[in-house]
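Colleague: Numbering (the working numbering), first residue to last: 1 to 391.
For each residue, glycine too, the CB sits at the ideal point set by N, CA and C.
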Ligand code: ADP
Ligand code: MG
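Right, here's the structure in full:
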C-alpha cells in the first residue's frame with residue numbers, strides 16, 4: 001500500500017506541493033466547460049487546508065508549446081476561490097523569486113495555485129534541475145494527478161524522488177477501484193470493450209479475457225475480430241496487422257472457457273450515403289459504423305445478468321448521431337444494471353456524460369490513458385515512485 005495524505009502527521013505550517021490533474025476542457029475565453037476534474041480534487045485540498053498545511057498546487061492544462069494565455073490556469077484559481085473556504089491566490093510562474101515570495105507569504109490553511117507546468121519544456125522532459133528547484137520550495141510532495149500518472153514528468157514523478165511523499169484521496173480511490181476490478185470482481189464479470197483502434201487495446205483485451213467471465217466486443221475493433229473469423233465486413237475499419245492477434249485472443253478465450261460476444265448485425269452506410277441500413281449479412285460495399293438491434297439485445301441481456309461491469313470504448317462512431325444508438329443502448333443498460341458498474345476512457349466517459357447517465361454509474365474513472373494503463377499493468381510509474389505506507 002502506498003502512503004496517503006492520512007498517513008502524514010503534523011502538516012501544520014508545512015508547505016505541501018500538491019500535483020493535481022486540472023486538465024479540464026476550457027474554451028479560448030477561459031470558460032471551464034466541464035469542472036469534473038476540479039470537483040473530484042476538492043476533498044484532498046480541503047483535507048490539507050483542514051490540517052493547516054500551506055498548499056501549493058501544480059497542474060498541467062492541454063499541450064501548450066511555451067506560454068499560451070489560452071492554457072493559463074488562472075480561471076481555475078477563480079473557480080477554487082469560490083469552492084474553497086480559504087484564501088486562494090495565483091502565481092503566473094512555476095519557478096523563480098516570485099513563487100518563493102508568494103510561498104513565504106502563504107498562511108496556514110491557504111492555497112496558492114501556480115501556472116501551467118507545461119509552459120516549461122522541462123516538465124515533459126522530466127528535467128531534474130527543474131524538479132530540484134521546485135522541490136526546494138516545499139516540505140512534502142503529494143501526487144493526486146491520476147490522469148497523468150502513466151507519464152514520468154518533472155512535477156508528477158521527479159518530485160516524488162526528491163521529497164517525502166504520499167498520494168491524495170483521488171489517486172487512492174482510483175487505485176482501489178481499479179485494483180478491485182482486477183483482483184476481486186463480483187461474478188459474473190462482464191467487460192465491454194469498443195473503440196476504434198484494436199492495437200491500443202490488445203493488452204487490455206488479453207487482461208479481460210483472463211479476468212472477466214464474458215468479454216463483449218463492439219466498435220470498429222469488432223471488425224478485426226470478425227475478419228479473423230472470415231466473416232464479411234465490407235469496407236469497415238479493420239486493422240489487418242492485428243488479425244493474427246485477434247485470432248490468438250479468441251483462441252485463448254476458448255482455452256480458458258471464457259465467453260466472447262461479437263456483433264451479429266450492424267448499422268451500415270453504403271458509400272457516402274447517410275442512410276442507415278440494418279443487415280445481418282454485410283456486403284462488400286458497406287461500412288459498419290455501429291452495432292445493430294439484434295446485437296444490442298444480445299449485449300444488453302448479457303449486461304443485465306452481470307454482477308460486475310467494466311466498460312471502455314464506444315460501440316460505434318457516436319460522434320455522428322446516426323451511429324449513436326448502440327453506444328447509447330449499452331450506456332443505458334449499464335446505468336440500469338444492478339451490477340457494480342465502472343466506466344473508463346476519455347471518449348467513453350464523454351458518451352456517458354452526453355447521455356447524462358453519470359450519476360447512475362458506480363465508478364467513473366477520471367483517467368483515460370492512465371486508467372487503461374493501470375488495468376493493463378496493475379501499476380503506474382508516478383504511483384510506483386511514492387513511498388510505501390509504514391506498517
Ligand atoms: P476511449 O477514449 O474511451 O478509450 P477510443 O478512443 O478507443 O475510446 O474509441 C473512440 C473512437 O472510436 C470514437 O472516435 C469512435 O468514433 C470510434 N469508433 C467506434 N466505432 C467505430 C466504427 N465502427 N467505425 C469508425 N470509428 C469507430
Ligand atoms: Mg479516445
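1. Rounded to whole angstroms, how far is the Cβ of residue 362 from the Cβ of residue 379, which I believe are closer than 8 Å?
2. Going by DSSP, which residues form a beta bridge with residue 15?
3. Hey, out of 60, 120, 182, 131, whose CA is closest to residue 144's CA?
4. Residue 160 to residue 208, Cα distance in whole Å?
5. Give me, in chain order, the residues of the same chain whose beta-carbon lies closer than 6 Å to that of residue 53; leave out the 5 immediate sequence neighbours on both sides.
6. Which first and last residues belong to the alpha helix (DSSP H) in which residue 166 is found?
7. Can you determine whether any heavy atom of the ligand ADP sits closer than 7 Å to the C-beta of residue 300, and answer yes or no?
8. So within the region 316 to 370, which uninterrupted alpha helix (DSSP H) runs reach at least 4 residues, ignoring any that extend past its ends?
9. Locate the beta strand (DSSP E) running through residue 290, then write down its first and last residues.
10. Check the DSSP bridge columns for residue 112 and list the partner residues they point to.
11. DSSP three-state label for residue 312, please.
12. Does the beta-carbon distance from residue 169 to residue 79 come in below 8 Å?
13. With residue 208 as the anchor, note down where its alpha helix (DSSP H) starts and where it stops.
14. Going by the beta-carbon positions, is the gap between residue 115 and residue 91 smaller than 8 Å?
15. Counting pairs of Cβ atoms below 8 Å between the region 34 to 47 and the region 180 to 191, do you hit three or more?
16. Is any heavy atom of the ligand MG found at a distance shorter than 7 Å from the C-beta of residue 240?
17. For residue 57, tell me which candidate among 67, 66, 64, 74 has the shortest Cα-Cα distance.
18. For residue 196, which three-state DSSP category applies?
19. Please classify residue 67 as buried or exposed, where buried requires at least 16 other C-beta atoms within 10 Å of its C-beta.
20. Following a CB-centred definition, is residue 318 positioned closer than 7 Å to any heavy atom of the ligand ADP?
21. Quick check: does the Cβ of residue 199 come within less than 7 Å of any heavy atom belonging to the ligand MG?
22. Which word fits residue 173, buried or exposed, when buried means at least 16 other C-beta atoms lie within 10 angstroms of its C-beta?
23. Candidates 289, 255, 278, 277: which alpha carbon is nearest residue 223's?
24. Taking all protein chains shown into account, decide if residue 284 is buried (16 or more other Cβ within 10 angstroms of its Cβ) or exposed.
25. For residue 166, count the other beta carbons within 10 Å of its own beta carbon; 16 or more makes it buried, fewer makes it exposed. Which is it?
26. What is the DSSP secondary structure of residue 232, reduced to helix, strand or coil?
27. With distances taken from CA atoms, which of 108, 89, 27 is nearest residue 51?
28. Quick one: residues in its chain with C-beta nearer than 7 Å to the C-beta of residue 386, no 5 flanking neighbours on either side, listed in chain order?
29. Does the distance from the C-beta atom of residue 218 to that of residue 105 stay below 8 Å?
30. To the nearest whole angstrom, what separates the beta carbons of residue 201 and residue 195, a pair I think is in contact under 8 Å?
Modeller: Once the coordinates are examined:
1. For the purposes of this step, residue 362 is taken as the residue at position 362 of the chain shown. For the purposes of this step, residue 379 is taken as the residue at position 379 of the chain shown. Contact doesn't hold; Cβ gap of about 23 Å is too wide.
2. Your numbering for residue 15 matches position 15 in the chain shown. Beta-bridge annotation (DSSP): residue 15 is paired with 54.
3. Taking the chain shown and counting its residues from 1, one reaches residue 144 at position 144. Measuring from the Cα of residue 144, the nearest candidate turns out to be 60.
4. Looking up residue 160 in the chain shown gives position 160. Looking up residue 208 in the chain shown gives position 208. About 31 Å.
5. For this step, residue 53 is matched to residue 53 along the chain shown. Closer than 6 Å at the Cβ level, and outside the excluded window around residue 53, lie 11, 14, 16.
6. Indexing the chain shown from 1 puts residue 166 at position 166. Unbroken run through residue 166 is the beta strand (DSSP E), 165 to 167; no alpha helix (DSSP H).
7. Locating residue 300 in the chain shown gives position 300, where the first residue counts as 1. Checking every heavy atom of the ligand ADP against the Cβ of residue 300, none is found closer than 7 Å.
8. The alpha helix (DSSP H) runs lying completely inside the region 316 to 370 and spanning 4 residues or more are 325 to 336, 346 to 354, given in chain order.
9. For the purposes of this step, residue 290 is taken as the residue at position 290 of the chain shown. Here the beta strand (DSSP E) through residue 290 covers 286 to 291.
10. Taking the first residue of the chain shown as 1, we reach residue 112 at position 112. In DSSP, residue 112 forms a bridge with 56, 89.
11. To locate residue 312, count along the chain shown from 1; it is residue 312. Residue state, collapsed to three classes: strand.
12. Counting from 1 along the chain shown, the entry for residue 169 is found at position 169. Counting from 1 along the chain shown, the entry for residue 79 is found at position 79. Taking a C-beta distance under 8 Å as the contact criterion, residue 169 and residue 79 do not qualify as a contact pair.
13. Your numbering for residue 208 matches position 208 in the chain shown. Start and end: 202 to 211.
14. Start at 1 with the first residue of the chain shown, and residue 115 comes out as number 115. Start at 1 with the first residue of the chain shown, and residue 91 comes out as number 91. Residue 91 sits close to residue 115, with the two beta carbons spaced by under 8 Å.
15. Below 8 Å, too few C-beta pairs join the region 34 to 47 and the region 180 to 191 to call them touching: fewer than three.
16. Position 240 of the chain shown, counted from the first residue, corresponds to residue 240. Shortest gap from the CB of residue 240 to any heavy atom of the ligand MG: 7 Å or more.
17. Locating residue 57 in the chain shown gives position 57, where the first residue counts as 1. For residue 57, the nearest C-alpha among the options comes from 74.
18. The residue given as residue 196 occupies position 196 in the chain shown. In the three-state reduction of the DSSP assignment, residue 196 falls in the coil class.
19. Within the chain shown, the letter at position 67 stands for residue 67. Exposed, because fewer than 16 other Cβ atoms sit within 10 Å of the Cβ of residue 67.
20. The sequence position of residue 318 within the chain shown is 318, counting from 1. It does: the Cβ of residue 318 is within 7 Å (strictly closer) of some heavy atom of the ligand ADP.
21. For the purposes of this step, residue 199 is taken as the residue at position 199 of the chain shown. For residue 199, the shortest separation between its Cβ and any heavy atom of the ligand MG does not lie below 7 Å.
22. Looking up residue 173 in the chain shown gives position 173. Flag for residue 173 reads buried.
23. Indexing the chain shown from 1 puts residue 223 at position 223. The shortest Cα separation from residue 223 among 289, 255, 278, 277 belongs to 289.
24. Here residue 284 refers to the residue found at position 284 of the chain shown. So residue 284 ends up on the exposed side.
25. Looking up residue 166 in the chain shown gives position 166. Under this definition residue 166 is a buried residue.
26. Here residue 232 refers to the residue found at position 232 of the chain shown. Three-state DSSP puts residue 232 in coil, outside helix and strand.
27. Start at 1 with the first residue of the chain shown, and residue 51 comes out as number 51. Taking each of 108, 89, 27 in turn and checking the Cα distance to residue 51, the smallest one comes out for 108.
28. The residue you call residue 386 lines up with position 386 of the chain shown. Closer than 7 Å at the Cβ level, and outside the excluded window around residue 386, lie 2, 3, 143, 160, 165, 166, 167.
29. As a working note, residue 218 is residue 218 in the chain shown. As a working note, residue 105 is residue 105 in the chain shown. Contact annotation: residue 218 and residue 105 have beta-carbon atoms that are not nearer than 8 Å.
30. As a first step, residue 201 is located in the chain shown; it is residue number 201 there, counting from the start. As a first step, residue 195 is located in the chain shown; it is residue number 195 there, counting from the start. Rounded, the Cβ-Cβ distance is 6 Å, consistent with contact.
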